[in-house]
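Numbering (full-length UniProt numbering), first residue to last: 1 to 99.
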């Protein structure tokens, strides 16, 4: 299991600015949080694949953590800690659950 943060350019993804994912041992996303360009947060999970604010759980298989890459002028990817993911997950859940 690993945790991934992807920061996208607006040209690459006009809707999502930052995506945080919890990636399982099978390399599929278990939970995801997206920070949209308008500042809203949305989240999705295996239990709630069509999440809040139009966020859907990524369905594609992710690369192994050692194979994470960047694409110049499109996106930057980095491995983050479980604590960093859990922090943004709780913020997104609390925002979504209070609306």
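Cβ atoms here follow ideal geometry from the backbone N, Cα and C, with glycine treated the same way.
Item to check | Length of the line joining the Cα atoms of residue 45 and residue 86 | outcome: Within the chain shown, residue 45 is the residue found at index 45, counting from 1. Within the chain shown, residue 86 is the residue found at index 86, counting from 1. Going from the Cα of residue 45 to the Cα of residue 86 covers about 13 Å.
Checklist entry - Is the Cβ-Cβ distance between residue 6 and residue 19 less than 8 Å? => result The count along the chain shown starts at 1 and reaches residue 6 at position 6. The count along the chain shown starts at 1 and reaches residue 19 at position 19. It is a contact, given that the beta carbons lie within the stated cut-off.
Checklist entry - When the Cα atoms are used, what is the spatial distance from residue 29 to residue 80? => result Along the chain shown, one-based indexing puts residue 29 at 29. Along the chain shown, one-based indexing puts residue 80 at 80. Between the alpha carbons of residue 29 and residue 80 lies a gap of roughly 14 Å.
Item to check | Secondary structure of residue 5, DSSP reduced to three states | outcome: Here residue 5 refers to the residue found at position 5 when the chain shown is read from its first residue. In the structure shown, residue 5 sits in a strand (DSSP, three-state: E or B).
Next on the checklist: Could you compute how far the alpha carbon of residue 70 sits from the alpha carbon of residue 76?
Outcome noted: Within the chain shown, numbered from 1, the residue matching residue 70 stands at position 70. Within the chain shown, numbered from 1, the residue matching residue 76 stands at position 76. So the alpha carbons of these two residues sit roughly 5 Å apart.
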